[in-house]
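Counting from 1, position 370 in the sequence shown corresponds to residue 369 in numbering that gives the first Met the number 0; the numbering is continuous, with no gaps.
Glycine included, C-beta positions come from ideal geometry on N, C-alpha and C.
The structure displayed is predicted, hence computed values, not measured ones.
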Amino acid sequence: MYHTQKRLGKQRTAAAPAAGEAAIPGMDSPVRYLKGVGPARMRLLEEAFGVRTLEDLLYHFPARYEDRRLLKPVAALTGQGLECVAGTVRSRGVTRTRGGRTLLRAVIADGAGGTLFGLWFNQPYLASTLLPQSRVVLTGRAERVGRACQMVHPEYELIGDEATEQVHSGRIVPVYPLTEELHQKSLRQILYRLTRRIPDMDDPMPENLRARHGFPRLQEALCDIHFPADESRRLSAYRRLVYDEFLQMQALIACRRQRARSVRGVPEHRGGRPMLRPFFDALPFRPTGEQERCVDEILADMSSRSPMQRLVQGDVGSGKTVVAAAALAYTALNGNQGVLMAPTEVLAQQQAYTLSQLLEPLGIACGYLCGGQAPAERRRTLDDVVSGRVRVLVGTHALLSEDLRFERLGLVVIDEQHKFGVDQRARLKAKGGRRPPHLLLMTATPIPRTLAMTLYGEMDLSIIAAPPSGRSAVRTLCVHSGQRGHVEEWLRRVLEEGRQAYVVCPAISQENAASGLRDARAVAAELTERLPGRRVRLLHGRMSPVEKRSAMKDFKEHRADVLVSTAVVEVGIDVPNAALMIIENADRFGLAQLHQLRGRVGRGPYESCCIAIAMDLAGEGRERLRVFEANASGFDIAEKDLGLRGGGDPSLTAQHGLPNLRIGDLVADAELMRSARIDAEEIVAKDPELRDPWNAGLRGQLVRRYGLDGPGKERSV
Ligand code: ADP
Ligand code: MG
0 MYHTQKRLGK QRTAAAPAAG EAAIPGMDSP VRYLKGVGPA RMRLLEEAFG
50 VRTLEDLLYH FPARYEDRRL LKPVAALTGQ GLECVAGTVR SRGVTRTRGG
100 RTLLRAVIAD GAGGTLFGLW FNQPYLASTL LPQSRVVLTG RAERVGRACQ
150 MVHPEYELIG DEATEQVHSG RIVPVYPLTE ELHQKSLRQI LYRLTRRIPD
200 MDDPMPENLR ARHGFPRLQE ALCDIHFPAD ESRRLSAYRR LVYDEFLQMQ
250 ALIACRRQRA RSVRGVPEHR GGRPMLRPFF DALPFRPTGE QERCVDEILA
300 DMSSRSPMQR LVQGDVGSGK TVVAAAALAY TALNGNQGVL MAPTEVLAQQ
350 QAYTLSQLLE PLGIACGYLC GGQAPAERRR TLDDVVSGRV RVLVGTHALL
400 SEDLRFERLG LVVIDEQHKF GVDQRARLKA KGGRRPPHLL LMTATPIPRT
450 LAMTLYGEMD LSIIAAPPSG RSAVRTLCVH SGQRGHVEEW LRRVLEEGRQ
500 AYVVCPAISQ ENAASGLRDA RAVAAELTER LPGRRVRLLH GRMSPVEKRS
550 AMKDFKEHRA DVLVSTAVVE VGIDVPNAAL MIIENADRFG LAQLHQLRGR
600 VGRGPYESCC IAIAMDLAGE GRERLRVFEA NASGFDIAEK DLGLRGGGDP
650 SLTAQHGLPN LRIGDLVADA ELMRSARIDA EEIVAKDPEL RDPWNAGLRG
700 QLVRRYGLDG PGKERSV
């Protein structure tokens, strides 16, 4: 290490501290150690970007770059984009415009016979900077005026003797994310000064990895990401820094995974597939090969003594419930208890109903728990669970309540898991007490593989790749609200054929007439009037649990033809006879949400259709609707959605209990993520606690940034 740094030091003689400037004590020193950073800028940097230390500042990366390497003579200016001209100030003068503004006009000679005028309004003080005979570079948009050229408000930089370095021109120049009060030039100057004076730092990346990938050293990469000599240096620096971050993330995931796998003492599960014979024999349909494979993967996990951590991914309607039911049956038949949590009451009720249909005939008692239940009913359920009478419990977030205790919890299933946060998943899992239960997550939000390996990096993956056969894709149409008449025609026809329909609205009632949103109450009233003889039911989140249950039950059992609702039916609801989904103000919904809503139809043998109505087909929701219309698969939708939102979207990582990325992009840099994952797994397999001396740097980063030994430990699910 000593040798490498010595060499680095030599290499960087140009970066040695200028005489008279105090050496920087360390990278954790506050930014005010830097010349040019006073109390005001210190506050700005912290408030806007959370930058407190020199290290934070170095990791405040440019948002983009401008190539200002080429200094042109005036004759060569094209007027296209930003251009730079170097020259000598011949004269400058301040006049007043008729509007009362001051105008500073500087005449610059480029030394090749060309003249450029620089114009600045309301900055008369520049006259004392742009002194005649000073050498200057102007960067701006050139306009021709007669035979000369001018730039209005160009960026300027004085160039002195050979020794003073050019920061803002004559190079590839970084452009930083800014706040209003912080000027680009000041920040660039500050960072320039800092990158020239980075104190020696240990490179936390194990040397063999660095060599394997041919990455530059950290110190070099940090200089180059701010002030790259050329594009290839910038790219090497970028790749190294992205990889750093990915390696940390994957090492964190690998450590968590290792820890979860080393836990023992899960309640015993034996018997495998033969034990589930009666379950499969009683099913109203034959499970598909995809479903069977998933069940086998689950049973294999559950028969081990360390807790299963498995995620089942399958598009809407692919038949995940029956897979979960098999796992729940397996735990119950083994004398353990299972619990399934769903994100909405409507869905939890439905799942409780479906599961009791499938499981009670096998002698497995099911229970249901949600908020707003009568205290006596709730008390009874809690007692039945702790005594072990109830073997499978279904519910909403209410399952997280303190007073719920199990006799012997063997399996936790979380349906539509993307609707829950890491903490909620962990809290339900903790109900197993000292004997950890198996964990099964279910989601219809398929995501690209490389993203899954990060967001679900700790989980094993089972994928249901195809829906039960005999289904045709749901036809999707996006229409303008002016065509509502045609939509109504369509609705009549579908009902005529004996099918049912959903109409989803973004609001419950008209609270704000100006919002222009269609509301469920009004739409239900309207349809009741316009469709005589048809039974229209209303369903929304402000109804009581009993009212919700009865509306849903009526629709499910075809005592209602049309269900007008809010997004409460978004996930999980299963009524195979429903063949039309109408979405009002569809531009108000996100892509994933639209796809989920569409997934409410096409769940039976009937040809189905989804009509998305939007008021404004030109707004920002338009691109989303276009993607929605053109893509039937949830996988494609998820990928496009990610593309629209960007793989750097912090909400992605936050929801999965992972820290924000400072530089990398989960989608664009997927290939780096893949190699970081391979490397991290290799490191952690050899050294699970990262105690080897060459892993000390990596361990240090994980502890500092990710709290490896702190709260991260129990947040992991
Ligand atoms: P999701 O994956 O969206 O949770 P569900 O489990 O609710 O899907 O299943 C959707 C519909 O498909 C349900 O009506 C279910 O009964 C039916 N289904 C599931 N598996 C099969 C199968 N193998 N054959 C026929 N229908 C099936
Ligand atoms: Mg489901």
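Looking at the DSSP output, T52 shares a beta bridge with P29.
At the C-beta level, C477 and A373 stay beyond 8 Å of one another. Distances taken from the Cβ of A443 to the heavy atoms of ligand 1 include one shorter than 7 Å. Under DSSP, I107 forms a beta bridge with V88 and L115. Q308: member of the beta strand (DSSP E) spanning Q308 to G313, first to last residue. When DSSP states are grouped into helix, strand and coil, M441 belongs to the strand group. Shown here, R520 sits in a helix according to DSSP, grouped into three states. A250: member of the alpha helix (DSSP H) spanning E230 to S261, first to last residue. For a cut-off of 8 Å, the C-beta gap from C369 to T395 is around 5 Å, short enough to register as a contact. Shown here for P687: same chain residues with a beta carbon closer than 6 Å to its own, the five before and five after excluded, namely Q257 in chain order. Rounded to whole angstroms, the separation of the alpha carbons of D414 and S514 is 33 Å.
In its chain, beyond the 5 residues on either side, A250, A253, C254 and Q257 have a beta carbon closer than 7 Å to the beta carbon of V683.
With fewer than 16 other Cβ atoms from the protein chains shown falling within 10 Å of its own Cβ, Y124 counts as exposed.
Here G362 is not bridged, per DSSP, to any residue.
By the C-beta density criterion, Q499 is buried, having at least 16 other C-beta atoms within 10 angstroms. In its chain, beyond the 5 residues on either side, C83, V84, A85, V136, S168 and G169 have a beta carbon closer than 8 Å to the beta carbon of L70.
Ligand 2 never approaches T343 closely enough for any of its heavy atoms to be under 7 Å from the residue's Cβ. Taking the Cα of R661 as reference, the smallest distance to any Cα among L530, I224 and E488 is reached at I224. According to DSSP, H479 shares a beta bridge with A613.
For G113 against V73, the beta-carbon gap comes to about 3 Å, under 8 Å, which counts as contact. Sequence-distant partners of T52 (beyond 5 residues in either direction) whose C-beta falls short of 8 Å from its own C-beta, in its chain, are M26, D27, S28, P29 and V30.
Rounded to the nearest angstrom, the gap between the Cα atoms of L562 and R602 is 16 Å. Residue pairing by DSSP places P173 opposite Y64 in a beta bridge.
Our two residues, S127 and V93, have alpha carbons roughly 11 Å apart in a direct line. Non-local beta-carbon contacts of I572 in its own chain, meaning distances under 7 Å to residues more than five positions away in sequence, involve V345, L346, Q349 and R599 in chain order. The beta carbons of V412 and L339 sit closer together than 8 Å. Around the beta carbon of G98, fewer than 16 other beta carbons sit within 10 angstroms, so the residue counts as exposed.
As DSSP reads the structure, L538 sits in a beta bridge with S564.
Using a cutoff of 7 Å, the CB of G484 does not count as near ligand 2, since none of the ligand's heavy atoms is closer than that. Taking 7 Å as the cut-off, one finds at least one heavy atom of ligand 2 near enough to the beta carbon of D414. Taking C504 as the centre and dropping the five residues before and after it, the same chain places the C-beta of L516, R517, D518, A519, V522, V563, S564, T565, E583 and N584 closer than 8 Å to its C-beta, in chain order. Under the Cβ criterion (8 Å, minimum of three pairs), the region 204-220 counts as touching the region 235-243. Taking E142 as the centre and dropping the five residues before and after it, the same chain places the C-beta of G78, C148, Q149, M150 and V151 closer than 8 Å to its C-beta, in chain order.
Residue pairing by DSSP places A506 opposite D518 in a beta bridge.
A141 sits in a strand when the DSSP states are folded into three classes. For V144, the closest C-alpha among the options L76, S90, L33 and A667 is that of L76.
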